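Notes follow once the structure below has been shown.
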Amino acid sequence: MDALKSFIDLFADPRLFFLITLAALVLIVWKREAFVSNRWGWGLMAFLTVFFGFGLTDENFNLIITKPDNVPIVGLIFLLVFFTWFSMRQAVDNDRRAAAGRPSIEKDEEDRVWTWPDLVYTELISMVVCTVILIVWSIGLEAPLEQPANNANTPNPSKAPWYFLGLQEMLVYFDPWLAGVVLPSLIIVGLMAIPYIDKNPKGNGYYTFNERRVEITLFLFGFVVLWSSLIVLGTFLRGPNWNFFGPFEYWDIHKLEALTNVQLSEYIWVRGFGMALPENWFVREIFGILLTIGYIAVLPVALAKKGLTRYYEKLGPARYYVTVLLFLSMLSLPVKMLTRWVFDLKYVVSIPEFFFNI
Amino acid sequence: MPDTKTKTIEPKTPALVQAWDWITETQIWTSIFRHAAPINDRNRVLVMLSNVFLHMHPVRLRKSGVRLRYTWCMGGISFFLFLVLTFTGLLLMFYYRPTLEYAYSDIVGLREHVPLGIMREMHRWGAHAMVITVWLHMFRVFMTGSYKPPREFNWNVGVIMLVLTLLLSFTGYLLPWDQLAIWAITVGSNMARATPFLGHEGPGASLMAIGDVQLVHAADDARFALLGGTFVGEGALLRFYVLHCVALPLVIGFLMAVHFWRVRKDGGISGPL
Ligand code: HEM
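In structure tokens form, the structure reads like this:
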């Protein structure tokens with residue numbers, strides 16, 4: 069039993085965690101025909117149930133998942149896995165119908181029904197079910213109340229509310245102005261831009277994967293792999309000092325993690341050229357600045373010429389650049405993660421003089 | 025041969041049915057409900073047109089749109105949870121005073137002195153649940169491609185409501201005024217310090233100066249505006265209370281009206297053309 073726990077803890081490393089969710093997404097999209105079978109659906113649910121059931125028996129794991137405010141996230145995990153499976157299943161169903169030359173399920177069910185009783189009763193039943201669930205949940209689990217607020221006593225770890233833990237996790241890789249202000253704003257802008265940059269007229273009003281491969285893959289990447297899995301990671305696996313802990317690991321405040329983070333400027337000037345860092349910040353950071361400009365300004369243009377030309381032609385310049393810029397901003401997180409893990413890179417550009425670190 | 029005059033016995037209407045018939049014929053009843061029960065097509069139309077709560081629905085809609093399989097009912101559940109939250113929140117407001125002196129003890133009182141009280145639980149778990157259902161609603165709208173024309177605008181209304189839902193949750197998180205509350209809000213609002221140009225630790229803030237006078241500093245930056253102070257204290261509590269109980273619910277309620285109106289005007293629940 070303990071061996072199993074240590075084995076699972078071994079996997080719980082931010083790098084592995086991220087790569088495993090990413091690999092899961094790739095598999096889901098690639099092997100979707102197999103993934104949407106009942107066996108997989110039930111299997112995943114059973115696996116989660118067993119995993120959390122087993123976890124409950126462990127003291128440390130139990131402590132984390134039964135923290136009242138964390139209970140909803142256990143629910144979120146189940147719901148998210150279920151609905152990812154469920155929506156893919158319907159998409160694949162419709163794709164199979166299309167391949168056989170039959171209309172989609174939604175097309176088949178195009179006739180009108182009466183709102184009363186068909187819809188009104190469904191609504192009534194779901195209201196009753198929701199009320200019951202909420203009341204049972206409220207009776208069973210008391211809302212948390214800790215010690216009175218005390219500005220002098222900082223808890224360790226201090227966590228934002230759970231729905232912002234993905235953003236807090238980004239703080240590991242980015243400074244607050246990016247992780248807390250710019251990137252969240254870009255998420256909102258990006259979501260709002262979706263209907264205007266997606267020019268694909270197909271797949272409007274029915275589930276399908278084949279007709280919207282890129283869109284759905286990107287959305288699942290953003291929503292499931294980046295947003296949701298980082299929330300799960302931040303809630304369950306980040307302990308004191310924001311150190312990483314396996315689900316069965318004791319939250320030891322004194323756990324030490326070697327931080328050997330290096331700035332890009334040090335890599336280039338000190339390690340590359342073997343000289344001291346230049347005094348002037350502009351000279352010191354010039355390579356990072358060029359790299360950043362290259363990423364957000366040159367790369368989109370280059371991709372328009374080669375690689376994404378098809379999209380450039382299909383979308384036109386305005387839509388293309390907005391799309392690519394949003395996409396690159398989203399990708400900046402995994403890119404920064406990778407460079408951190410592989411090269412211990414802390415900042416690409418680091419100008420503490422102006423609080424400007426990237 | 026004896027007289028075989030048979031006596032026909034009228035089938036007796038059960039008492040309950042009689043009572044029902046009587047009630048539905050009273051002037052009071054007919055003044056409220058203008059037509060008989062929706063058991064025929066005419067009345068199924070009338071019930072949708074004459075009932076203020078139902079009139080946001082169409083009279084008839086596509087079969088696929090009624091299916092749980094298609095909508096997951098997540099928009100509807102989000103709305104229902106919003107109503108539950110409004111109601112339970114209103115009850116909580118009777119007990120709760122947003123001051124440093126009372127906030128925490130009012131919550132303790134709510135917990136200890138209200139027998140069988142679950143309003144705080146329903147409010148808190150309902151709020152968590154609403155965040156999740158709104159996300160799932162967005163997920164399903166994406167997966168069915170329902171943001172595509174003509175529903176682009178409604179998707180945008182939705183995104184704003186998603187942000188507002190998170191803000192409602194965030195502002196409410198502070199109100200119990202316990203350690204969990206202030207530190208979560210401290211961590212969250214610390215980000216605002218780093219707002220470019222507008223936060224005193226944000227890039228470019230030092231450029232916001234006239235001569236030697238710094239325009240952006242700890243006591244007037246974006247974070248200060250959010251908290252009404254330089255740390256999470258009395259000012260923040262009042263601000264968050266007003267936002268949580270008045271401002272944000274009004275805005276999101278207004279947007280919900282727009283959202284539902286647009287669902288109708290954009291052709292009802294989406295479906296293949
Ligand atoms: C505060 C939260 C929200 C509430 C109460 C709400 C409510 C609803 C309801 C009741 C519907 C009818 C169909 C259904 O139940 O699926 C609907 C449809 C829709 N919602 Fe929302 N919604 C919310 C947030 C959002 C968000 C976050 C988005 C997108 C980002 C969104 C985009 C849409 C769109 C595009 C439709 C039309 C879908 C169709 O015709 O198939 N809504 N909403």
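For the record, the sequence lines run as chains A and B.
Plus 68 on top of the position in the first sequence (first one is 1) and you've got the numbering used here.
Plus 24 on top of the position in the second sequence (first one is 1) and you've got the numbering used here.
Ideal Cβ positions, reconstructed from N, Cα and C, are used throughout, including at glycine.
Quick caveat, the model's predicted, so the values are computed rather than measured.
query: Span separating the alpha-carbon of residue 444 of chain A from that of residue 153 of chain B; result: Summary: the structure shown does not reach residue 444 of chain A, with chain A confined to residues 69 through 426, and so no result is reported for it.
query: Local conformation of residue 425 of chain A per DSSP, three classes; result: strand
query: Among A:86, A:138, A:81, A:152, nearest to residue 105 of chain A - alpha-carbon criterion; result: A:152
query: Min CB distance residue 64 of chain B to chain A below 8 Å; result: no
query: Test: residue 249 of chain A CB closer than 8 Å to a CB of chain B; result: yes
query: Every unbroken beta strand (DSSP E) within the stretch 154-207 of chain A, with a cutoff of 3 residues, ordered by chain; result: 180-182
query: Simplified DSSP assignment, three categories, for residue 216 of chain A; result: strand
query: Cβ-based neighbour list, residue 219 of chain B, same chain, cut-off 6 Å, excluding 5 preceding and 5 following; result: 226, 246
query: Residue 239 of chain B versus residue 357 of chain A - alpha carbon distance; result: 27 Å
query: Boundaries of the alpha helix (DSSP H) in which residue 100 of chain A is found, first to last residue; result: 100-103
query: Test: residue 273 of chain A CB closer than 8 Å to a CB of chain B; result: yes
query: Start and end residues, beta strand (DSSP E) containing residue 84 of chain B; result: 84-86
query: Check: residue 230 of chain A C-beta below 7 Å from any heavy atom of the ligand HEM; result: no
query: Length of the line joining the Cα atoms of residue 160 of chain B and residue 233 of chain B; result: 45 Å
query: Counted within 10 angstroms of its Cβ, other Cβ atoms place residue 33 of chain B as buried (16 or more) or exposed; result: exposed
query: Per-residue contacts from residue 155 of chain A into chain B (C-beta, under 8 Å); result: 163, 164, 167
query: Other residues of its chain near residue 68 of chain B: CB distance less than 6 Å, five sequence neighbours each side excluded; result: 62
query: contact_flag[the stretch 263-281 of chain A, the stretch 246-258 of chain B] where n(CB pairs < 8 Å) is 3 or more; result: no
query: Contacts that residue 182 of chain A makes with chain B (C-beta to C-beta distance below 7 Å); result: 68, 84
query: Uninterrupted alpha helix (DSSP H) stretches inside the stretch 176-212 of chain B (no shorter than 4 residues); result: 176-198
query: Coarse secondary structure for residue 312 of chain A, derived from DSSP in three states; result: strand
query: beta-carbon residue 97 of chain B near the ligand HEM non-hydrogen atom, thresh 7 Å; result: yes
query: Within 8 Å, strictly: CB atoms of residue 146 of chain B and residue 206 of chain A; result: yes
query: Through-space distance from residue 410 of chain A to residue 428 of chain A, alpha-carbon basis; result: Past the boundaries of the shown model lies residue 428 of chain A; chain A is included only from 69 to 426, so the question cannot be answered.
query: Any C-beta of chain E under 8 Å from that of residue 276 of chain B; result: The structure shown contains no chain E; the protein chains it does contain are A and B.
query: Three-state secondary structure assigned by DSSP to residue 393 of chain A; result: helix
query: Residue of B:31, B:139, B:184, B:103 minimising C-alpha distance to residue 194 of chain A; result: B:103
query: Limits of the alpha helix (DSSP H) - the one that residue 230 of chain A falls within; result: Where residue 230 of chain A is concerned, there is no enclosing alpha helix (DSSP H), given that its DSSP letter is neither H nor E.
query: Heavy atom of the ligand HEM within 7 Å of residue 170 of chain B beta-carbon; result: yes
query: Length of the line joining the Cα atoms of residue 349 of chain A and residue 419 of chain A; result: 7 Å
query: Residues sharing a beta bridge with residue 306 of chain A, DSSP; result: A:312
query: Reduced DSSP secondary structure (H/G/I, E/B, other) of residue 293 of chain A; result: helix
query: Exposed unless 16 or more other CB atoms sit within 10 angstroms - verdict on residue 220 of chain A; result: exposed
query: Listed by chain order, chain A residues near residue 255 of chain B by CB distance under 8 Å; result: 219
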